[in-house]
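If you're matching them up, the sequences are chains P and L in order.
Using the UniProt record's numbering, read the first sequence as starting at 1 and increasing by one per residue.
Using the UniProt record's numbering, read the second sequence as starting at 1 and increasing by one per residue.
Here's the structure we're looking at; comments come further down.
There are 2 protein chains.
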Amino acid sequence: MTEDELPPRRARKLATRQALLDGALRLLEQQSLTSLGLREVTREAGIAPAAFYRHFGDLGELGVALVEESFGSLRALIRDIRTPEADTEDVIRRSVDLVAAHVRAHRAHFCFLARERYGGVASVRAAIAGELDSFVRELADDLAAQPESEGWSAPELSVLARLYVNVLMLTAASMIEAGPDDPAAEQSILTEALMQLRMITVGRRYWTENR
Amino acid sequence: MTEDELPPRRARKLATRQALLDGALRLLEQQSLTSLGLREVTREAGIAPAAFYRHFGDLGELGVALVEESFGSLRALIRDIRTPEADTEDVIRRSVDLVAAHVRAHRAHFCFLARERYGGVASVRAAIAGELDSFVRELADDLAAQPESEGWSAPELSVLARLYVNVLMLTAASMIEAGPDDPAAEQSILTEALMQLRMITVGRRYWTENR
DNA sequence: GAGAAGAGCAAACAGTCGTTCACCGAGTGA
DNA sequence: TCACTCGGTGAACGACTGTTTGCTCTTCTC
């Protein structure tokens, strides 16, 4: 096994930086980024207020860092969803299951993304939009590689991909809003998402002959 | 023509209440409800901080009132969209146009709704969700009355209606994010929304034979 | 026209806020 | 080993916060 691989100096700095991110994320489950206080965050992280400036110049910077962290864990989910060959129904079903599992495992991250996607900090909104765009592009590429996409133009595939992504993001947001302790509500949200994805996919199948 | 119809006492009270709502809405274009300050709002409305309590016990109460006001203007839009008989393509096109016009006319209201739909104040989130639910129910009823809905169950119609509503709400949110002075971006958002609605509608047409 | 009601005000309350500053002490690199 | 870098500290700053209190002055009610 390898050693820590990091000089203790940098390691400690990264650790308290992470403490700041974790503390902020915890607080952001109940409020929005614009209402977050610098002292509040440092209190939650267990450091002095002034130490904040050693890591971020601004609470907005911390917000952007949180976006990167959130999408970092999302990328694993995306990689799991992207399986080139499989029955369409299976892909849909597995996508919904994976999103559900991921929301359960990273509730705070999704809560943050849902809240700040149209929140009050422009730089954070832009960061989220950019990450979602690259997600949409990846999905559009995957869709393009499938035989069902014969006769589809690139813009059409992009629009379809965004529709899929939006449904999944709204599903995640609904799960967050339902709370973690309501399996019945969660189940109905997931079956609804399943049906919406199926409807869209039926539309996709007959699109070229009805466009 | 009729007189003011209102005792001057109540009229004045309603006027300053409206000034509070207007001022808050103006501030909420750049921040979120949880970060809104009571003094900030009263300053914007031109009254003393203490006078706030004559109208609302709480900033959350003001938020709920803003939800009602926002959906009040939305209801006019919904009534316009609901036209029993028309070609499906026409309905889609007209819906997108109406949403676009309504966003342009009531930008601040949509900005508020997009931001607080998953924002930090639970009572406001609940109020928005409730209004959206009743919107979904109305649309589902309209859809049920159409001949294309033969063979559809009530839950299926509800799911479809929610999908339509979500697309329209996300379209509005995208328009807000693009800003009022970018006609090119606005046009591409609207054509994307149009295509998404068409794809869903194709799915609807072939749903019963592919479900 | 007298008295009650109530919308709005200024002032004061104890807190909290973001930011700056000099300073400490442990890790770093020669 | 010695100078140095630098993450973290505690104190202090003025500004701003939500809420309460007692008070005006207009409007309503009888």
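Backbone N, C-alpha and C define an ideal beta-carbon position, used for all residues, glycine too.
For clarity, every value in this text was computed on a predicted model and none was experimentally measured.
Under the DSSP assignment, Asp181/P falls outside any alpha helix (DSSP H); it carries neither an H nor an E label. DSSP places Gln196/P in the helix class (H, G or I) of the three-state scheme. In this structure Gln196/L is buried. Its beta-carbon is surrounded by 16 or more other beta-carbon atoms within 10 angstroms.
Judged by their CB atoms, Leu14/P and Ala65/P are not nearer to each other than the 8 Å cut-off.
Runs of the beta strand (DSSP E) lying entirely within the segment 17-47 of chain P and spanning at least 3 residues: none are present. For Glu177/P, the neighbours in chain L by C-beta distance under 8 Å run, in chain order, Tyr118, Arg125 and Ala129.
Considering only beta carbons, the part of the segment 156-169 of chain P lying closer than 8 Å to chain L consists of Glu156, Val159, Leu160, Arg162, Leu163, Asn166 and Val167, in chain order. Among the residues of chain P, none has a CB under 7 Å from the CB of Trp152/L; the nearest is roughly 11 Å distant. Inter-segment contact for the segment 119-137 of chain L and the segment 51-68 of chain L is present: three or more beta-carbon pairs are separated by less than 8 Å. In the assembly as shown, Gly72/L is an exposed residue. Its beta-carbon has fewer than 16 other beta-carbons within 10 Å. Where Ala108/P is concerned, the enclosing alpha helix (DSSP H) starts and stops at Arg107 to Glu116.
Between Gly203/L and Asn210/L, the alpha-carbon positions lie close to 9 Å from each other. Ile200/P and Phe135/P do not touch by the CB rule: their CB atoms are close to 17 Å apart, not below 8 Å. Buried is the label assigned to Tyr164/L, since at least 16 other Cβ atoms lie within 10 Å of its Cβ. For Ser35/L, the chain P residues whose C-beta falls within less than 9 Å of its own C-beta are Gln31, Ser32, Leu33, Thr34, Ser35, Leu36 and Gly120, listed in chain order. Membership of Ala145/L in any alpha helix (DSSP H) is not indicated, and neither H nor E is assigned to it by DSSP. Taking a beta-carbon distance threshold of 8 Å, Gln18/P does not count as an interface residue toward chain L.
For Ser153/P, no alpha helix (DSSP H) run applies, since DSSP gives it neither H nor E.
If the five residues before and after Tyr118/P are omitted, its C-beta is found closer than 8 Å to the C-beta atoms of Arg125, all from its own chain and listed in chain order. Judged by beta-carbon spacing, Cys111/P lies beyond the 8 Å limit of Ile189/P, meaning their Cβ atoms are not closer than that value. Rounded to whole angstroms, the gap between the alpha carbons of Ser153/P and Leu160/P is 11 Å.
When secondary structure is reduced to three states using DSSP, Pro7/L falls in the coil class, being assigned neither helix nor strand.
Per DSSP, the unbroken alpha helix (DSSP H) holding Val64/P starts and ends at Leu59 to Ile81. Within the segment 190-210 of chain P, those residues whose Cβ lies closer than 8 Å to any Cβ of chain L are, in chain order, Glu192, Met195, Gln196, Arg198, Met199, Ile200, Thr201, Val202, Gly203, Arg204, Arg205, Tyr206, Trp207 and Asn210. When Cβ-Cβ separations below 8 Å define contact, Arg115/P makes contact with chain L. For the 8 Å CB-CB criterion, Gly60/L and Ala45/L do not form a contact.
Contact residues of the segment 73-105 of chain P toward chain L are absent (C-beta to C-beta distance below 8 Å). With a cut-off of 8 Å on Cβ pairs, the segment 95-115 of chain L is not in contact with the segment 135-145 of chain L, counting fewer than three such pairs. Just so you know, the alpha carbons of Arg17/P and Leu36/P end up roughly 17 Å apart. Excluding its 5 nearest sequence neighbours in each direction, Val96/L has C-beta neighbours in its own chain below 6 Å: Leu190, Ala193 and Leu194, listed in chain order.
For Phe52/L, the secondary structure class from DSSP, reduced to helix, strand or coil, is helix. Under the Cβ distance rule, Ala45/P does not count among the residues neighbouring chain L, no pair being separated by less than 8 Å. Between Tyr206/P and Tyr206/L a beta carbon distance of about 5 Å is seen, short of the 8 Å cut, so the two are scored as contacting.
A straight line joining the alpha-carbon of Ala122/P with that of Pro8/L spans about 43 Å. If the five residues before and after Glu40/L are omitted, its C-beta is found closer than 7 Å to the C-beta atoms of Leu27, all from its own chain and listed in chain order.
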